[in-house]
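Notes for the one structure printed next.
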Amino acid sequence: MSGPADQTGLFEGDAKPSSGEAVRPLAVRMRPRGLPEVIGQDHVVGDDCLLPRLIQADNFGSLIFYGPPGCGKTSLAEVIASETQSKFVRINAVLSNVA
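The opening residue of the sequence shown carries number 53 in my numbering; numbering runs sequentially from there.
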């Protein structure tokens, strides 16, 4: 049986993360990396929808996503950009003096 001397405290141990992945925020690490990983948006990314067909054909122009914070706009845009080898430009209205 192990005693208190055998246990490591919550903040003890190696302070340095083992990789760059570990220092990224959890929300960034959990983002979908491909269209099949996008959940809760079947009306947009379902098999019979327009978006997957456009991604497969790599045949569309610029896209603008609008919606409340946390609904998946950035995640979906990053998935589309990675699957089509498109350029992804992140713009924050507050930081770009638009809002």
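Each residue gets a CB set at the ideal place from its N, CA and C atoms; glycine is no exception.
Distance between residue j and residue i (C-alpha atoms, nearest Å)
{"i": "residue 82", "j": "residue 124", "result": "12 Å"}
{"i": "residue 136", "j": "residue 96", "result": "17 Å"}
{"i": "residue 110", "j": "residue 149", "result": "32 Å"}
{"i": "residue 80", "j": "residue 98", "result": "23 Å"}
{"i": "residue 112", "j": "residue 128", "result": "15 Å"}
{"i": "residue 227", "j": "residue 85", "result": "Residue 227 lies beyond the range of the chain shown here (53 to 151); nothing can be said about it."}
{"i": "residue 121", "j": "residue 92", "result": "15 Å"}
Cβ neighbour criterion (16 or more within 10 Å) applied to residue i
{"i": "residue 78", "result": "exposed"}
{"i": "residue 147", "result": "exposed"}
{"i": "residue 143", "result": "exposed"}
{"i": "residue 90", "result": "buried"}
{"i": "residue 102", "result": "exposed"}
Cut-off 6 Å between Cβ atoms - residues of its own chain near residue i, not counting five sequence neighbours on either side
{"i": "residue 115", "result": "none"}
Cβ neighbours of residue i in the same chain (closer than 7 Å, five flanking residues each side left out)
{"i": "residue 130", "result": "83 and 140"}
{"i": "residue 5", "result": "Shown here, the chain extends from 53 to 151; a query on residue 5 therefore has no answer."}
Residue-level contact to chain C via CB, residue i, 9 Å cutoff
{"i": "residue 146", "result": "In the displayed structure, chain C is absent; only one protein chain is listed."}
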